[in-house]
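Peer 1:
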Amino acid sequence: MSTAVYPGSFDPVTNGHLDIVRRASKMFDRLIIAVLNNNSKTPLFSTEERVTMLREITAEIGNVEVESFDGLSIKYCHAKNAQFMVRGLRAVTDFEYELQIAQTNRVIAPDIDTVFLTTNLKYSYLSSSIVKEIAEYHGDIRAFVDSRIEERIMKKISERQGNITI
Ligand code: ADP
């Protein structure tokens, strides 16, 4: 059975991530979306919230699971008996960083292959940070995230800004 781990921050999950999930779920028997519990970053959503949101919007895809993890993604892959790690590539800027990580991981764990999926052109500009920035200024983010995620983002931002309505 082929198992792949798709690690990331997913703060929050965008349509670009979801597109990678849909495509990767067809390539492997089992796909585990792994939400990084990163203490050094200050996320908009807690790890638990990010896991809940991902579970909600991937519920209809049968072979996808969502979990959180700490530490090295490669160690998490071993713990889950995964043979593959999935990453998305948007532009040349992603490539340099991703290649370095993949090559380092290959030295540490030669049994795990990193599989890169190039972004759907529709989402090549899209990142969680851009979505958060637009939402901070009450812009329309409906083209970038699932409607359930949009609601949660706007609620979270209005709580943070101390507003009742946006
Ligand atoms: P990280 O903090 O690991 O970069 P992200 O949540 O930003 O986590 O991204 C997780 C993975 O999804 C990365 O491989 C990233 O390149 C990919 N990704 C993010 N946005 C997109 C997008 N719009 N299209 C394709 N892949 C994407």
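When you line the sequence shown up against my numbering, it's residues 20 to 185, in that order.
Backbone N, C-alpha and C fix where the C-beta goes; we use that ideal spot for every residue, glycine too.
The structure displayed is predicted, hence computed values, not measured ones.
Assign ALA53 to one of three DSSP states: helix, strand, or coil.
Peer 2: Taking the first residue of the sequence shown as 1, we reach residue 53 at position 34. Note: ALA53 maps to strand in three-state DSSP.
Peer 1: Would you tell me roughly how many angstroms separate the C-alpha atoms of PHE88 and TYR95, rounded to the nearest one?
Peer 2: Counted from its first residue, the sequence shown places residue 88 at position 69. Counted from its first residue, the sequence shown places residue 95 at position 76. Rounded to whole angstroms, the gap between the alpha carbons of PHE88 and TYR95 is 7 Å.
Peer 1: Is the segment 131 to 149 close to the segment 102 to 109, with three or more CB pairs under 8 Å?
Peer 2: yes
Peer 1: With distances taken between CB atoms, is the gap from VAL83 to LEU55 smaller than 8 Å?
Peer 2: Position 64 of the sequence shown holds residue 83. Position 36 of the sequence shown holds residue 55. It is not a contact, given that the beta carbons lie outside the stated cut-off.
Peer 1: Look at the alpha carbon of ARG167 and the alpha carbon of THR71, and state the distance between them as a whole number of angstroms.
Peer 2: Here residue 167 corresponds to residue number 148 of the sequence shown, with the count starting at 1. Here residue 71 corresponds to residue number 52 of the sequence shown, with the count starting at 1. If you take the alpha carbons of ARG167 and THR71, they lie about 11 Å apart.
Peer 1: For the segment 141 to 161 and the segment 25 to 38, state whether three or more C-beta atom pairs, one from each stretch, are separated by less than 8 Å.
Peer 2: yes
Peer 1: The alpha helix (DSSP H) with VAL186 in it runs from where to where?
Peer 2: Summary: the structure shown does not reach residue 186, with the chain confined to residues 20 through 185, and so no result is reported for it.
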